[in-house]
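For what it's worth, our numbering labels the leading residue of the sequence shown as 4, then goes sequentially.
For glycine and all other residues, C-beta sits at the position ideal for the given N, C-alpha and C.
One structure is given here, and the rest of the page talks about it.
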Amino acid sequence: MSFDSFNLHPLISAGVVSAGYTTPTSIQSKSIPPILEGHDLLGLAQTGTGKTAAFVLPILQRLLVGPRGRLRALILAPTRELAEQTHAAIQVLGRKTGLRSLTLYGGVSALPQVKALRAGAEIAVACPGRLLDLMAQKAVSLSAVEVLVIDEADRMFDMGFLPDIRRILAALPPRRQTLLFSATMPAEIRSLATDGLHQPVTVEVGARRPVETVSHAIYPIEPERKYDTLLALVSQAGNGQVLVFTRTKHRAKKLALQLSKAGLAAKSLQGNLSQNQRQEVMDGFRNGRVKVMVATDIASRGIDVSQISHVINYDMPDTADTYTHRIGRTGRMARQGTALTLVTREDLPTLRTIEHLLGYPIERRELA
Ligand code: AMP
4 MSFDSFNLHP LISAGVVSAG YTTPTSIQSK SIPPILEGHD LLGLAQTGTG KTAAFVLPIL
64 QRLLVGPRGR LRALILAPTR ELAEQTHAAI QVLGRKTGLR SLTLYGGVSA LPQVKALRAG
124 AEIAVACPGR LLDLMAQKAV SLSAVEVLVI DEADRMFDMG FLPDIRRILA ALPPRRQTLL
184 FSATMPAEIR SLATDGLHQP VTVEVGARRP VETVSHAIYP IEPERKYDTL LALVSQAGNG
244 QVLVFTRTKH RAKKLALQLS KAGLAAKSLQ GNLSQNQRQE VMDGFRNGRV KVMVATDIAS
304 RGIDVSQISH VINYDMPDTA DTYTHRIGRT GRMARQGTAL TLVTREDLPT LRTIEHLLGY
364 PIERRELA
């Protein structure tokens, strides 16, 4: 299947090209046609599957015709990071459409957000709390909303946002298209879907997080064996490209230097780099000159290299979500990926939490 089969407007197809997408992902093939037809949709998909474009593209197509300057699409996101990511995706995919997107979330001044609302936009990506505040101040009108997306609904539920979401639902025009995405379907989300969606089409990709094309395992080791173990794992990766995660930027920098001294084409990607340096490292990784990239979670945002064969957690991620997010960097586009995590004694409580949330134990491995 290709993107052509969706018959997207050429201005939107241009966005797909600038995003560098050539083949739709599974969730995109399954969701885009029913969303374009106007159906409500219940999407069971986790981060890393391409779910954002699965709803953004049909929304852009819908908004291309009709009035401008009114909020016609509302996307609810649990965190400001996700809101920003989604907004960024809209800007890339919708670059040629002239449609405007803005973000609304707490923890920052509301003033610029109110100004942006006044200036006019067709799409808002919002966290529930700030949206409700702005609604209470009459700074935002939802009366023209035609499409609602509830993204990462299970995380919203975990964070206690469901009552907020229900209040927002109650304030929206009842005649609208509603799309709900969630990686899991606890009873509360099912009931939200029953109340908020109208005869939804259900699509599902990969029943369990993380994505199925990633095989993952942990290496229980003593802390002082970390570096040697990493070297062994990198050499086992053969010709593949390896993304290594550390907890801090200092550790990323130090580790990349150590690996370079050991003769590996390694670079670090961390917050201390200038935009040019960052670009240089990214280009090196994309064109394969850099084999090992050492990064922190923050710096790694936006790394989108489909040939990453191995993700190695040199330092354990602190939440299941970060774990899923990190290992979703490999196994992209149905290529087989491997995600390995070095686990020391002090990481065991975190590991237990992650396994609990995943719902199964992660395979233990030992170096030969
Ligand atoms: P998401 O699950 O929406 O967070 O997307 C995960 C990553 O996949 C993002 O970095 C997207 O840019 C990328 N992506 C989404 N759709 C495609 C596609 N059809 N081809 C290649 N990359 C994609």
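- Excluding its 5 nearest sequence neighbours in each direction, Gly41 has C-beta neighbours in its own chain below 7 Å: Gln180, listed in chain order.
- CA-to-CA, the gap between Thr356 and Val59 works out to about 33 Å.
- Taken in chain order, the unbroken stretches of beta strand (DSSP E) that lie wholly in the region 40-121 and span 3 residues or more are 44-47, 76-79 and 104-107.
- Per DSSP, the beta-bridge partners of Arg367 are Ile221.
- Within a 10 Å sphere around the beta-carbon of Ala265 sit fewer than 16 other beta-carbons, which makes this residue exposed.
- For Asn279, the three-state secondary structure derived from DSSP is helix.
- By the Cβ test, the region 126-145 is in contact with the region 93-110, since at least three Cβ pairs between them sit closer than 8 Å.
- Residue state for Gly340 is assigned as strand, using DSSP reduced to three classes.
- In the DSSP assignment, Val152 is bridged to Ile78 and Leu182.
- At a Cβ-Cβ threshold of 9 Å, Ala86 and Leu107 count as neighbours.
- In the structure shown, the three-state DSSP call for Gln31 is helix.
- For the region 122-176, the full-length beta strand (DSSP E) segments reaching 3 residues or more read 126-129 and 150-153 along the chain.
- Secondary structure note for Ile315: its beta strand (DSSP E) is the uninterrupted segment Ile311 to Asn316.
- Of Thr251, Ala147 and Arg368, the smallest CA-CA separation from Asn275 is found for Thr251.
- Within the region 222-269, the runs of alpha helix (DSSP H) that reach at least 4 residues and sit entirely inside it are, in chain order, 229-239 and 252-264.
- Distance from Leu45 to Thr205 at the Cβ level is roughly 5 Å; contact confirmed, criterion being Cβ atoms closer than 8 Å.
- Note that the region 215-225 touches the region 342-352; at least 3 beta-carbon pairs, one per stretch, sit closer than 8 Å.
- Leaving aside the five residues that flank Ile330 on each side, the residues in its chain whose CB is nearer than 7 Å to its CB run, in chain order, Pro213, Val217, His219, Val314 and Ala342.
- The closest CA to that of Asp157, considering only Gln140, Ile171, Gly132 and Pro189, is found on Pro189.
- Going by DSSP, Glu207 is part of the beta strand (DSSP E) stretching over Val204 to Glu207.
- Boundaries of the alpha helix (DSSP H) harbouring Ala196: Ala190 to Gly199, taken from the DSSP string.
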